[in-house]
Amino acid sequence: MSDYWPKHDMEFLAGRRLRRTRASAWSRNLVRETVLTPSDFIWPLFIIDGQNERTQIKTMPGVERLSVDLAVEAARQAAAEGIPALALFPNTQDDRRSENAEEAYNPDNLMCRALSAIKEAVPEIGLIADVALDEYSSDGQDGLVRDGRILNDETVHVMIRSALVQAKAGADIIAPSDMMDGRVGALRAVLDAEGFEDTQIMSYAAKYASAYYGPFREAVGSGSRLRGDKRTYQMDYANSDEALREVAQDLEEGADSVMVKPGMPYLDIVRRVREEFNVPVFVYQVSGEYAMLEFAAAAGAINRDASILESLYAFKRAGASGILTYYALEMARKLNA
Ligand code: PBG
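Quick note on my numbering: the sequence shown kicks off at 94 and runs consecutively.
1) Using only the heavy atoms of the ligand PBG, determine whether one of them is closer than 6 Å to the beta carbon of A225.
2) Taking Cβ to Cβ, would you say M153 is nearer than 7 Å to P308?
3) Three-state secondary structure (DSSP) at I416?
4) Work out the CA separation of R276 and V433 for me, nearest whole Å.
5) Hey, could you find the ends of the alpha helix (DSSP H) G307 is sitting in?
6) Quick one: Cα of E146 to Cα of V366, how far?
7) Below 7 Å between beta carbons: does that hold for A268 and D227?
8) Can you tell me where the alpha helix (DSSP H) holding S296 begins and where it ends?
9) Would you say the beta carbon of D235 comes nearer than 6 Å to a heavy atom of the ligand PBG?
10) Would you give the residue range spanned by the beta strand (DSSP E) that S160 belongs to?
11) Tell me the DSSP bridge mates of Y377?
12) For S191, does the three-state DSSP call read helix, strand or coil?
13) Does the ligand PBG have a heavy atom nearer than 6 Å to the CB of S380?
14) Between Y406 and A413, what straight-line distance do the alpha-carbon atoms span, to the nearest angstrom?
15) Among all the DSSP beta bridges, which residues are the ones paired with P269?
16) Less than 7 Å separating the beta-carbons of L417 and I135?
17) Identify whether A180 lies in helix, strand or coil by the three-state DSSP scheme.
18) Report yes if the C-beta of F388 is less than 6 Å from at least one heavy atom of the ligand PBG; otherwise report no.
19) Which residues bound the beta strand (DSSP E) around I141?
20) Return the CA-CA distance between W119 and D246, expressed in angstroms with no decimal places.
21) Return the Cβ separation of S270 and A225 in integer angstroms, given the expectation that the two are a contact with Cβ distance under 8 Å.
22) Use the C-beta contact count for F388: other C-beta atoms within 10 angstroms, 16 or more gives buried, fewer gives exposed.
23) Can you give the beta carbon distance from L111 to L181, rounded, assuming they're within the 8 Å contact cut?
24) Is it the case that the CB of Y306 approaches a heavy atom of the ligand PBG more closely than 6 Å?
25) Does the stretch 320-331 come within contact of the stretch 161-176, defined as at least 3 CB pairs closer than 8 Å?
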């Protein structure tokens, strides 16, 4: 080698051998910048009516909708692995969906029954209740629809009523995922007025109008109802400064933590929000991301477990305080093993 590699180049390399710390597993562990633990995970669960019922979601192989009794079991398992919180999403019975989404504030709706059953059986796990109308309305939009338009303030009124029944049923965190303006301030005011001043608000602050939500809409049964898209309220994926305005506004209105959604295609947003605001920032690895990993792995294109782990580390590296992921239980088990 020395025949054709001048000695001064070797000297130049001496202080620049970045491979030195990568040479063995112990050394890689030693210099690792981020860690992933089960306490980074929030596990989304889909709830269905009935007893001892579980149904498959075609576009999310490995994820099932669970009846309340089975969700309680799942919550027990999650708590045992050190997962701090669950995020619940109801697949409301068809005959309970309506134009005005009245089921959203029925104190005996599926969401409330799941919240109170889990809170009673597994009090040590945090419960995050999604607030949006798509899970209760007949048209799959997150807001009330009139003449093809999504009404902002009227939607917020329904959301307030919805959040109150959820808080009463045992929700620890109210998570508005609708992207209406002013809903965080309205929720905070009403929760405080009704004696729920300790109930947190985790706002889906930078939520993009994304094609990656497809499988979720199958899971909650809103997809086939949805006409049009959600671009008049969810964010344009071409924008990033606007995400900071959304986050600033929600924090000013009283959000305790904020979320960026989807996850992997939006790591730049996670990083910017993290650097700009000194608050907990959560990221949602959404259903379409899950589906991409599963179907690519099933086709033999990628190594499943390695790809999942890499995706979760990427969120932590980008600055996420925690990750909503359908892999929460499986990965918590693997990390604890
Ligand atoms: C609806 C809601 C959606 C998701 C969470 N809450 C879908 C949407 O906005 O259409 C998506 C989550 C996922 O894709 O995993 N309020």
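Glycine included, every Cβ here is placed at the ideal spot set by N, Cα and C.
For this structure:
1) yes
2) Yes, Cβ-Cβ distance for M153 and P308 is below 7 Å.
3) strand
4) Any property of residue 433 remains undetermined from this structure, which presents the chain solely from 94 to 430.
5) 307-313
6) Cα to Cα, E146 sits roughly 40 Å from V366.
7) no
8) Counting along the chain, S296 falls outside any alpha helix (DSSP H), though it belongs to the beta strand (DSSP E) covering 293-300.
9) yes
10) Here the beta strand (DSSP E) through S160 covers 157-160.
11) Y377 pairs with L417.
12) strand
13) yes
14) 10 Å
15) Answer by DSSP bridge pairing, in chain order: V224.
16) yes
17) strand
18) No - the ligand PBG has no heavy atom lying nearer than 6 Å to the Cβ of F388.
19) 134-141
20) So the alpha carbons of these two residues sit roughly 56 Å apart.
21) 5 Å
22) exposed
23) Contact doesn't hold; Cβ gap of about 45 Å is too wide.
24) yes
25) Short answer: they don't touch.
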